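See below for the structure under consideration.
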Amino acid sequence: MRYMLLIWGHGSDVDGATEAEPQISAGGLEDGEPCWAPWAREMQARGVILHDGAQLLGPEAATTVRSSGPEVLVADGPFAETKEQIAGYDVIECADLDEAIYAASRHPVALKGGAVEVRPLATT
Amino acid sequence: MPTNQGPPADVEAAVADAFRQEWGRVVATLIRMTGDWDLAEECAQDAFTTALARWGSDGIPDRPGAWLTTTARNRALDRLRRSKTEAVKLQEVAALSVPDEPPARLDDSGVTDDRLRLIFTCCHPALTLEARVALTLRTLAGLTTPEIARAFLVPEATMAKRLTRAKHKIRDAGIPYRVPPAHLLPERTIGVLAVLYLLFNEGYSASAGDDLLRPDLSAEAIRLSRLLANLMPDEPEAIGLLALMLLQNARSAARLDDDGELVNLEDQDRSRWDQAAISEGRNLLEAALRRQQAGPYQIQAAIAACHADAQLAADTDWAEIALLYQQLGRLIPSAVIELNRAVAIAMSEGPAAGLAVVDEIESGGELTDYYLLPATRADLLRRMHLNEEAATSYRRALELAGTGPERRYLSRRLAEVGGL
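Line by line, the protein sequences are chains W and V.
Under this note's numbering, the first residue of the first sequence carries the number 1, and numbering increases by one thereafter.
Under this note's numbering, the first residue of the second sequence carries the number 1, and numbering increases by one thereafter.
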């Protein structure tokens, strides 16, 4: 099954995770690697396929658009002004929810105190 | 339901008996074969209806469980064939056609009983606690949706929605239908035991007789725990939980007086305790403890056994109970357990020693809004004849207590120490 991991965190969780902190990750970081590289290696070793993923710029860079009425409404900021914001996402493919939960639990932002929402992708 | 005059009584009894024994197994097997929880339930239901119609003329089969599973499987096969619009369904039909008789339990052959898969899936942590409880009662215990709704005092439509949502979550989120692998098994087992104990307590705390249609959840919890203990013979906590339930439930006849008021353990008529249940609970506990992996349920069962062993309340071995609470507190650090230990110490060493433990809890700043903390302090002070201090604590407890029996108890005690 395919799941999207929505990475929720405070600014500090995410900033912290982007700095190199090898002790929080499985395989350790090599020079110049992003923080999620050891996670990606561990997942690949388990047979979890990583389809896509990225870190997002902060909510201050967000724009929310609504277009259901006659005009297009554009507003500065994220859809929901909550303390925690979506900081990134990963699309993974694995056997079942238990495996996806494991992947989420090992995610560098989760290890830094963020939360990971696991959502199955709809199959069409 | 078939026929005008209905099936003969012996057939009806045999089907009812098979329902108690085999429902969970039939559903569990059908879910594994079809992957479709609704289809599995419907086909299992059909199989029992067919049994009512056929066992009268064909005779009651030697192995009702196998007969019912085969009948339900054939029904599922028919239904999938008829809806063979999708290629997926055809694959399912092909898979179903392979004869497959799963053995009864996790035995030497290493084959897993489907009911164990079912219970772990029903109790998966990605479902809400309410959904886990409801799903376990529906699929494994065979309670109907209206029965479960009555048990939890919610409208039938609410319960139906809760069950449907849970089944959809299992399917859509990809919750696996299996016994968890070794690295997940300990925590998931704790989760299953917690669901069963919650079920037991739900039934135990419900006042008896207020609704005759309300199913006996404690009895269902005991039945499911018995099943789990059989399916996981190497898990001492599963056996410990069954022992705990049996030992607590043995007191149920003595727990309420003629007016339906709760009777304290101390004041219960111990001749009304169920000695057969006590002796079964004690034997199970001993077998579990021999494995030398005492967990919270085994320790709580040991405490219940201490009470059961005392012919009179005055014979209770409070020193042993205090030690058991200490052991329990080491596994699950909790101020409530510590408070229970304080009471046990007061009973074995005197109120002053108990009060010292209460002081420690208070200085830790915990349980500040829990009425039993000042109530316990007040009882200990009363026993030390410090009436004025006791009255202050009883008043504090009354500020925090809810309504009902505990209030009446506290007011009575407050009057006794001259505080009214």
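Where a beta carbon is used, it is the ideal one built from N, C-alpha and C, also for glycine.
Owing to the predicted nature of the structure, the values given are computational and were not obtained by experimental measurement.
Closer than 9 angstroms to the CB of residue 95 of chain W there is at least one CB belonging to chain V.
Annotation for residue 117 of chain W: the continuous beta strand (DSSP E) segment containing it runs 115-120.
Rounded to whole angstroms, the gap between the alpha carbons of residue 407 of chain V and residue 397 of chain V is 9 angstroms. Secondary structure note for residue 55 of chain V: its alpha helix (DSSP H) is the uninterrupted segment 37-58.
Each residue's CA atom was taken as its position, placing residue 309 of chain V and residue 247 of chain V some 10 angstroms apart.
Listed by position along chain V, the residues whose Cβ is nearer than 8 angstroms to that of residue 1 of chain W are 174. Residue V/346 holds the alpha-carbon nearest to the alpha-carbon of residue 319 of chain V among V/378, V/346, V/335. Just so you know, the alpha carbons of residue 124 of chain V and residue 35 of chain V end up roughly 16 angstroms apart.
The alpha helix (DSSP H) runs lying completely inside the stretch 269-343 of chain V and spanning 4 residues or more are 275-289, 296-309, 318-331, given in chain order. Secondary structure of residue 8 of chain W (DSSP, three-state): strand. Interface criterion not met: the Cβ of residue 168 of chain V is under 9 angstroms from no Cβ in chain W. Close to chain W, meaning a Cβ-Cβ distance shorter than 7 angstroms, are the following residues of the stretch 120-145 of chain V: 126. Scanning its chain for C-beta atoms nearer than 7 angstroms, with the 5 sequence neighbours on each side dropped, one finds around residue 28 of chain V the residues 114, 115, 117, 118, in chain order. DSSP places residue 51 of chain W in the strand class (E or B) of the three-state scheme. Going by DSSP, residue 392 of chain V is part of no beta strand (DSSP E) but of the alpha helix (DSSP H) stretching over 387-400. Listed along the chain, the chain W residues whose CB falls inside 8 angstroms of the CB of residue 30 of chain V amount to none; the nearest CB is some 20 angstroms away. Annotation: residue 321 of chain V to residue 262 of chain V spans about 22 angstroms, alpha carbon to alpha carbon. Chain V has a Cβ within less than 9 angstroms of the Cβ of residue 100 of chain W.
For the options W/96, W/74, W/88, the alpha carbon positioned closest to that of residue 117 of chain W is the one of W/88.
Burial is judged here by how many other beta carbons sit within 10 angstroms of a residue's own beta carbon; residue 195 of chain V has at least 16 and is buried. The beta carbons of residue 96 of chain W and residue 184 of chain V sit about 12 angstroms from each other, so the pair does not count as a contact at 8 angstroms. For residue 189 of chain V, the closest of V/220, V/120, V/66 by C-alpha to C-alpha distance is V/120. By the CB criterion at 9 angstroms, residue 106 of chain W and residue 3 of chain W fall outside the cutoff. Residue 72 of chain W has a beta carbon lying at 9 angstroms or more from every beta carbon in chain V.
Among the CB atoms of chain W, one or more fall inside 9 angstroms of the CB of residue 184 of chain V. Looking only at V/332, V/352, V/323, V/330, the smallest Cα-Cα distance to residue 341 of chain V is reached by V/323. Within the DSSP secondary-structure output, residue 85 of chain W pairs in a beta bridge with W/9. Assignment of residue 381 of chain V by DSSP, reduced to helix, strand and coil, places it in the helix class. Bounds of the alpha helix (DSSP H) holding residue 172 of chain V are 156-173. Shown here, residue 75 of chain W sits in a strand according to DSSP, grouped into three states.
Using a Cβ distance threshold of 9 angstroms, residue 417 of chain V and residue 387 of chain V count as a contacting pair.
A check of alpha carbon separations from residue 178 of chain V across V/57, V/274, V/32 identifies V/32 as the nearest. In summary, residue 70 of chain W is exposed, with fewer than 16 beta-carbon neighbours lying within 10 Å of its beta-carbon over all protein chains present. Not one beta carbon of chain V lies nearer than 9 angstroms to the beta carbon of residue 109 of chain W. Within chain V, the C-beta atoms nearer than 9 angstroms to that of residue 120 of chain W come from 172, 173, 174, in chain order. The beta-carbon separation of residue 311 of chain V and residue 270 of chain V, rounded to 7 angstroms, stays under the 8 angstroms limit for a contact.
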